[in-house]
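>
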Amino acid sequence: MIKYTYIALALFTFYTGTAQEVKPIAKEDILSQVIENNNTLKMAQQDVLAAKGDFNQTNAILLPNISVSHTGIATTNPLMAFGSKLNQEILTAADFNPDLLNDPRQIEDYATRVVVQQPLLNFDGFFQRKAAKAKWNATELQSERTQEYLVLEVEKAYMQLQLAYKTVEVLRKAQETAKENQRIANNSFQQGYLQKSDVLAVEVRVTEIDNQLQYAKSNILNASNYISVMTSTDENQILKPTDSLTVQGDNITDAELSENRKDIQALNSATEAYKQMHKADQMAFLPSLNAFGTYEMHDDKVFQGNANGYLFGAELKWNLFEGSKRFGKSQKSKAEYDKSKLQLEQYTSESQLELNKAIRGLQDAKNKLSLTALAMEQSKEALRIRANRFEQGLEKTTDLLMAETQYAQKQLEYYATIFQHNYALAYVQFLTKG
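In structure tokens:
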């Protein structure tokens with residue numbers, strides 16, 4: 049039984065180790081994988097292809113419509129029978145006999161037709177084509193903005209992974225310190241210098257750090273899984289950044305909202321699309337000119353064509369009134385165009401507001417960064433002094449634990465502030481990207 053237990057434990061350890069493989073990864077590698085594999089980006093690219101397909105459909109206002117058909121009929125209808133003989137070029141003088149004209153025998157006719165329709169002037173179609181082009185352009189710009197947003201998300205996720213590892217590093221050092229203090233407390237207790245309650249307080253502190261460390265390790269898994277989802281890779285891997293969390297240099301010189309930002313340009317193109325659609329509805333009141341032609345081959349046998357003929361012409365068509373349908377359609381497109389202009393104005397104002405908030409957030413993070421760095425150094429020195437006095441029996445256990453807790457908290461707060469500063473910087477760069 050013991051033998052099988054050892055085998056089971058060995059297998060469990062093997063599979064656990066295999067499933068939780070630690071893989072070093074650089075931010076550049078994540079970016080390349082996201083651009084290549086991310087499903088959100090792929091969906092945005094499909095939206096571009098769909099918009100391109102809509103634009104290609106408007107080629108119909110320029111290119112001809114050509115169709116080929118083969119039709120077979122059998123009839124005793126006097127008019128159809130007479131016309132079929134004419135089309136087959138087999139009409140004779142005997143066919144003008146009134147008895148045959150009024151009561152013809154069944155005749156079969158097989159016709160092959162080639163029909164060509166060529167648009168010439170369709171003013172509404174030209175503006176519909178412009179609208180489709182503007183929509184395609186807007187979708188392309190939005191796809192590019194989606195890629196920029198995913199780059200920001202990669203920055204954030206990578207920094208979260210760095211912060212998680214830095215948190216584990218801080219807590220492990222705090223754990224080592226707490227265990228050393230626990231050893232000193234046990235020795236002092238055995239020598240009668242400390243009470244049992246002091247020893248228990250130190251043990252509680254060790255347990256607290258153990259719990260915090262477990263949560264920090266879970267954050268590593270969460271950050272790794274999120275990056276795996278973005279890159280569409282194996283979610284069982286534990287990722288480890290190749291560099292640590294450090295303060296990023298602030299290279300922003302002119303933080304202004306750019307009109308060339310992809311999402312603002314996309315909304316401009318969408319507004320242009322609504323504008324062209326409104327013009328198309330207005331052009332629908334004008335006449336249209338189209339050419340047409342037909343080439344036919346007739347025979348009394350299938351897929352034959354001993355007789356043939358053609359027809360071509362042009363049609364100038366003007367729909368004067370359609371029950372006010374066109375008036376209503378024009379009113380609707382005008383309202384949609386006006387609404388799109390208001391949406392563009394509102395979005396631009398909200399973007400400026402968001403940029404102002406981001407700039408203030410970045411400045412707050414800078415100020416907080418210097419303060420937390422100072423607080424961390426002060427708490428470190430305070431812990432060093434109290435730890436020396438505790439070893440000499442000159443410091444209370446509660447004071448030592450408080451100093452130890454404060455130093456760990458200030459360290460975690462400092463690295464969290466680095467994350468806030470770096471993300472705030474990246475967010476401002478994202479909002480000002482032209």
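Take any residue in the sequence shown, count from 1 to its spot, add 48: that is its number in the numbering used here.
Just so you know, even glycine gets a beta-carbon here, dropped at the ideal spot from N, CA and C.
With burial defined as no fewer than 16 other Cβ atoms inside 10 Å of the residue's Cβ, what is the status of ALA472: buried or exposed?
buried
> Using the C-alpha atoms, what's the distance from THR281 back to GLN468?
27 angstroms
> Note down, in chain order, each residue of its chain lying with its Cβ closer than 6 angstroms to the Cβ of LYS416, except the 5 sequence neighbours on either side.
THR465
> With a threshold of 8 angstroms on Cβ separation, who are the neighbours of LEU148 within its own chain once the five nearest residues in sequence on each side are excluded?
ALA142
> Report yes if the CB atom of ASP311 is closer than 8 angstroms to the CB atom of GLN477, and no otherwise.
Cβ distance not < 8 angstroms, so ASP311 and GLN477 don't count as in contact.
> For LEU305, which of helix, strand or coil comes out of DSSP?
coil
> When you compare only the Cα positions, how much space is there between THR396 and LEU368?
42 angstroms
> Rounded to the nearest angstrom, what separates ASP95 and TYR274 at their Cα positions?
24 angstroms
> Report buried or exposed for LYS387, applying the criterion of at least 16 other Cβ atoms within 10 angstroms of its Cβ.
exposed
> In angstroms, rounded to a whole number, what distance separates the CA positions of GLU228 and THR279?
If I take the Cα positions, the gap works out to 42 angstroms.
> Give the DSSP bridge partners of ILE73, in chain order.
PRO289
> Pick out whichever of THR225, GLN260 and PHE175 has its Cα sitting closest to the Cα of SER381.
PHE175
> Can you tell me which of the three DSSP states GLN243 falls into?
coil
> Locate the alpha helix (DSSP H) running through GLY101, then write down its first and last residues.
87-105
> Give the straight-line distance between the Cα atoms of ALA205 and LYS178, rounded to the nearest whole angstrom.
Just so you know, the alpha carbons of ALA205 and LYS178 end up roughly 41 angstroms apart.
> Which class does THR61 belong to by DSSP, given the choice of helix, strand or coil?
Reliability of the predicted coordinates at THR61 is poor, the pLDDT of 43 falling under 50, and the value obtained from them is presented with this limitation in mind. THR61: helix per DSSP, three-state reduction.
> Mapping the DSSP letters down to three states, classify ASP298 as helix, strand or coil.
coil
> May I ask which residues mark the beginning and end of the alpha helix (DSSP H) holding ALA205?
171-238
> Buried or exposed for TYR241, please, with buried defined as at least 16 other CB atoms from any protein chain shown within 10 angstroms of its CB.
exposed
> Take every Cβ of the region 209-222, pair it with every Cβ of the region 454-461, and state whether three or more of those distances are shorter than 8 angstroms.
yes
> How would you call VAL250, buried or exposed, if buried means at least 16 neighbouring beta carbons within 10 angstroms?
buried
> Determine which residues share a DSSP beta bridge with TYR343 and list them.
DSSP lists VAL162 and TYR358 as partners of TYR343.
> Less than 8 angstroms between the CB atoms is what I'm expecting for ALA226 and ARG253, so what's the real figure, rounded?
5 angstroms
> Whose CA, out of ARG153, ALA318 and ILE433, lies closest to the CA of LYS389?
ALA318
> Reducing DSSP to helix, strand and coil, say where THR119 ends up.
Looking at THR119 - three-state DSSP - the assignment turns out to be strand.
> Using the beta-carbon count (16 or more within 10 Å), is LYS323 buried or exposed?
buried
> Measure from the alpha carbon of PHE171 to the alpha carbon of each residue in ASP329, ASP298 and LYS428, then state which is nearest.
Of the listed residues, the one whose Cα sits closest to PHE171 is ASP329.
> Thinking just about the alpha-carbon of each residue, which of THR88, SER115, THR160 and GLU439 is nearest to the one in GLU344?
THR160
> What residues are listed by DSSP as bridge partners for LEU364?
According to DSSP, LEU364 bridges with LEU337.
> For the 8 angstroms Cβ check, are there 3 or more pairs between the region 435-454 and the region 339-359?
no
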